[in-house]
Amino acid sequence: MFAEFLQYLFSGVTIGATYAMVALGFTLVYNASHVINFAQGEFLMIGGMATVSLLAMGVPLPLAIAMAVALAAVLGVALHKLAIAPARKADVITLIIITIGASIFLRGLAQIIWGKEFHAMPSFSATESVNVMGAVMYTQSLWVLAVAGVLVLLLALFFTRTLMGKAILATSMNPGAARLMGIRTQFVLMLAFMLAAVLGAMAGIMVAPITLTAYDIGIMLGLKGFVAAAIGGMGSGVGAVVGGLLLGIAEAMTAGYISSDYKDAVAFLLILVILFFMPRGLFGARVAERV
Amino acid sequence: MVTKNRSVYRAVLLILVLICSMVVPVMAAEPIRIGAFVSATGPASFLGDPELKTLEMYVEKINAQGGVIGRPLRLIHYDDGGNANEARNFANRLLRSDRVDLIIGGSTTGTTMAAVPLVERAGRPMISMAGALVITEPVRPWVFKTPQSDRMAAERVLADMQSRGITGIGLISGTDGFGRSGREQTLAVAADFGIQVLADQTYGPQDTDMTAQLTRIRNTPGVEAVFNFGFGQGPAIVTRNYAHLGIELPFYQSHGVASDRFLDLAGSAAEGVRLPASALLVPDALPDDDPQKQVVQDYKAAYEARWNMPVSTFGGYAYDALMLAVAAIEAAGTSEPKAVRDALEQIQGHVGVTGTFNMSPDDHNGLAPESFRLLEVRDGQWVLVD
C-alpha cells in the first residue's frame, strides 16, 4: 500500500520536475518585461533536439550540452533583436503575440532541419532507475530536481545580489524610471531573453531522456510549464518549482487512485481553485494593483 | 497599363502551354486520372509522407513501363495536413474539378470518413489507407481499404495470449482516435478468446510518464499480461516505464508502433515485447515459400534506393492501394468508375505488401488476421514468432 503511494509520488515528482524546469524559464522574461514568452517551449525543444543531433554526430555529452545551450542563447538574442526590439513601443499583449509567432516559426524551422520523428536521448547516469522502499525512481528525475534546485538558487542570487538582476527587476517595475536611472532597458530585455533561452535549453536537455524529444515537444511542455508557473506565481523561482511539482503530483495521484481519464481534469481544477483564492499564485508578489 | 497586363497574361499563358506540353507524355492516350489526398504534413505526416512518396514513385515506374491498359497514369495529389475538413475539401476538388477516375486516401480514419459521403454520392471508387474498422464495416459500395483493421490486430494479440494460457490481462491505451478505437475492439473481442480485461487504463497522447497507470495494472490481482494499444511516442514511453518498474509479465504492443523507430525510442526496454506487424518489418525472415516474400523485398529495396530512407509499413498501404487500383483497371479493361469498382470487389489472391487480398461484396478490406505477423523483440531486433 505504501509502496504504491510512493510509486505514484515518484511518478508525480518525475513529471512535476519537468514542468518545474519549464516554468523556471518563464520567470526570467516575465520578471524583465511582464511578457509571457510563449516561445519558451521552443527553446526547450531546441536544447533537446540540438543535443540529440550533436550526440548522433559523435560529440561527447558535456560538449554537446554546452553547444546546444550556446545555440539557444544565440537564438534568444536573435528573437529579441529581430522580433521584440523592433516592436519596443508595443504593449505587453502585442509582445506576447509576437512570441507566439516566433514559436510557430521556430517549430517550423526545427521540423525542416530535424524532421518530424521523436528522438531518444540516453540518461545521464549509467543506472537508469533506483529502488526506494519498493518503488522505483528514474535517476534522471534526480538530475532534473538537482539542476532545478541549483537554478532556483542561482536565479534568486542573481535577482537579489547582482546589479544586473536588480536592473532587470527595475525595468519590469517601471521602464521609464529605470531608463532615467541609467539602465539600458533594451539591453536588459535582451539579456533576459538570452538567459531565458539558456534556461529553457537546459530544461529541454535535462528532461529529454525522460520525455523523449521531437520538434513539437515544446507545445505541450511549454503549456504545462506555463500552468505550473501560474500556479506558483508568475515571476517567482520557488513558485515555479512548487507549482510544477504540485501539478505533476496531482496528475499522478489522480491517475493512480481515481482514473487516468480524469488526471488532466483534476490538474485544471487545481489551477482554478488556487487562482480563485490566490489570483497571484502561491508565491506571487503581493503588490497592490494600480488602477 | 492594359497592354502591359495583356502581355503579362500572354506570357503566363505561353509558359503554361510550355509546361503542359512538357508534362504530358508523348503517349497520345488519355491518361487515367488517379486522385490522392494524404496527410503529408502535420501530426499524421508519418503516415502521409511515405504514402505520397510511394505513390509518386510507382506512378512514375508504371508510366515508364507503358502505363495501364495502354494509358499513362496521372497522379493528382493534395496534402490535407491530417485535418478532416481539408480532406473533405480536397476530396470534393478531386471529384468535381479534377474529375479523377479513382481516389486513393486518406491517411487517417478521420480524413477518410470525412470524404466517404462525397465519394458515395459521386460514385467513384476510393481506396483508403487508414486502419479503423468503421471504414469498411458496414460495407459501403464505393469504399475500400488496404490496412488490416484494428480488430484484427486485437484478435492476433489475443489469440497469441490464449495460446500461452493467459486468461486475465491489463489494457493500457492512448486517448487518441487510434488508441480509443483499439481499446473498444479489444474489449469487444476479448471474451471470444476466453480473456478477461481486468484493468483498463488510458494516457494522453502527449503524456510523458505512465508509471502511475502501470503501477495500478500491476497491483490488479489476476493480471497475467499487459497489452498497450496506441501509436506515436506514447507506447515507447509506456515500454520504458514498464521496464523501469521491473514488471515481469508478458508485454504486448499493437501494430501502431510496428516500425524500427520504436526500437530506437524504447531501447533495451523493448526486449521481449510482442506485437502484430506487417511482413514488411521482417522481409528476410519470411520463409522462402511465403508468397509475400518477393513482393515485400522488392518494395523495400525500391523504396529505400529511391528515397534513401527506411521503408515504413504505411508506405506499404499506399503501394497496395495503387496496385489494387491497377489490377482492377486491368481486369475491367477501362477506367470507367462502375466497372473498376466491380473489378475491385472481385479481386482474389492479390499478393500485396500488407497481405493477400481476397475482396468480396461483403469484405472491402480482403485481409485475414493472419496477414499480421507476430513479432518479438530480441537483442534489439524484430524476430518472427508466428
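Keeping their order, the protein sequence lines are chains A and B. Those letters in the first sequence? Residues 11 to 301, per the numbering used here, in order. Those letters in the second sequence? Residues 1235 to 1620, per the numbering used here, in order. C-beta: ideal position from N, C-alpha, C; glycine also.
Scanning B:S1279, B:S1331, B:G1468 for the CA closest to the CA of A:I122 turns up B:S1279.
Between B:V1530 and B:E1538, the C-beta gap is not smaller than 7 angstroms, which leaves the two residues out of contact. By the CB criterion at 7 angstroms, B:S1341 and B:V1293 fall outside the cutoff. Under the DSSP assignment, B:D1498 falls outside any beta strand (DSSP E), being part of the alpha helix (DSSP H) whose first and last residues are 1494 to 1500.
Cβ neighbours of B:L1421 within its own chain (closer than 7 angstroms, five residues either side excluded): V1431. For B:D1332, no Cβ of chain A is located within less than 7 angstroms of the residue's own Cβ. For the pair of segments examined, the segment 27 to 40 of chain A was found to touch the segment 203 to 215 of chain A: the number of CB pairs separated by less than 8 angstroms reaches three. Taking the Cα of B:P1439 as reference, the smallest distance to any Cα among B:I1400, B:E1458, B:P1510, B:G1490 is reached at B:G1490. Scanning the segment 69 to 157 of chain A from its first residue to its last, the whole beta strand (DSSP E) runs of 3-plus residues come out as 139 to 142, 145 to 148. Around the beta carbon of B:G1589, a 10 Å sphere encloses 16 or more other beta carbons of the protein chains shown; the residue is thus reported as buried. By the rule that beta-carbons nearer than 7 angstroms mark a contact, A:T149 does not touch chain B. Residue-level contact check: B:Q1440 touches chain A, since one or more beta carbons of chain A fall below 7 angstroms from its beta carbon. In this structure, the alpha-carbon of A:K176 lies about 26 angstroms from that of A:M288. Taking 9 angstroms as the Cβ-Cβ cut-off, the segment 125 to 142 of chain A approaches chain B at K126, E127, F128, H129, A130, P132, E138, S139, N141, given in chain order.
Chain A has a Cβ within less than 7 angstroms of the Cβ of B:H1478. As for any alpha helix (DSSP H) of minimum length 4 sitting wholly inside the segment 1357 to 1427 of chain B, the runs are 1384 to 1397, 1411 to 1423, ordered along the chain. Taking B:G1339 as the centre and dropping the five residues before and after it, the same chain places the C-beta of A1270, F1271, V1272 closer than 6 angstroms to its C-beta, in chain order.
For the segment 15 to 45 of chain A, the set of positions with a beta-carbon nearer than 7 angstroms to some beta-carbon of chain B reads Q17, Y18, S21, T24, I25, T28 in chain order. By alpha-carbon distance to A:M11, the top candidate from B:A1492, B:R1607, B:T1449 is B:T1449.
According to the DSSP assignment, B:A1278 belongs to no beta strand (DSSP E), since it is labelled neither H nor E. In chain order, F128, A130, L222 make up the part of chain A whose C-beta sits under 7 angstroms from the C-beta of B:L1499. Of all residues in the segment 258 to 291 of chain A, only G258, E261, A262, M263, T264, A265, G266, Y267, S269, S270, D271, K273, D274 place a beta-carbon less than 9 angstroms from a beta-carbon of chain B. Going by DSSP, B:H1311 is part of the beta strand (DSSP E) stretching over 1307 to 1313.
Boundaries of the alpha helix (DSSP H) around A:L257: 247 to 263.
Nearest CB-CB separation between A:M230 and chain B: below the 7 angstroms threshold. Contact between A:F53 and A:G214 holds, since their C-beta atoms are separated by about 7 angstroms, short of 8 angstroms.
Using a Cβ-Cβ cut-off of 7 angstroms, A:V146 counts as an interface residue toward chain B, since at least one Cβ of chain B sits closer than that to its own.
Neighbours of B:F1463 in chain A, taken as residues at a C-beta separation under 9 angstroms, are lacking, since the least C-beta distance is about 14 angstroms. With a 10 Å radius around the Cβ and a threshold of 16 neighbouring Cβ atoms, B:D1596 comes out exposed. Among the CB atoms of chain A, one or more fall inside 7 angstroms of the CB of B:Q1447. Below the 7 angstroms Cβ cutoff, chain A contributes S270, D271 as neighbours of B:T1436, in chain order. It is roughly 51 angstroms from the alpha-carbon of A:L233 to the alpha-carbon of B:G1301. Taking C-beta separations shorter than 8 angstroms and ignoring five residues to either side along the sequence, A:A80 has no partners in its chain. Taking a beta-carbon distance threshold of 7 angstroms, B:S1279 counts as an interface residue toward chain A.
Excluding sequence positions up to five before and after B:K1534, its CB lies within less than 8 angstroms of the CB of L1514, P1517, V1545, all in the same chain and listed in chain order. In the structure shown, the three-state DSSP call for B:H1489 is helix.
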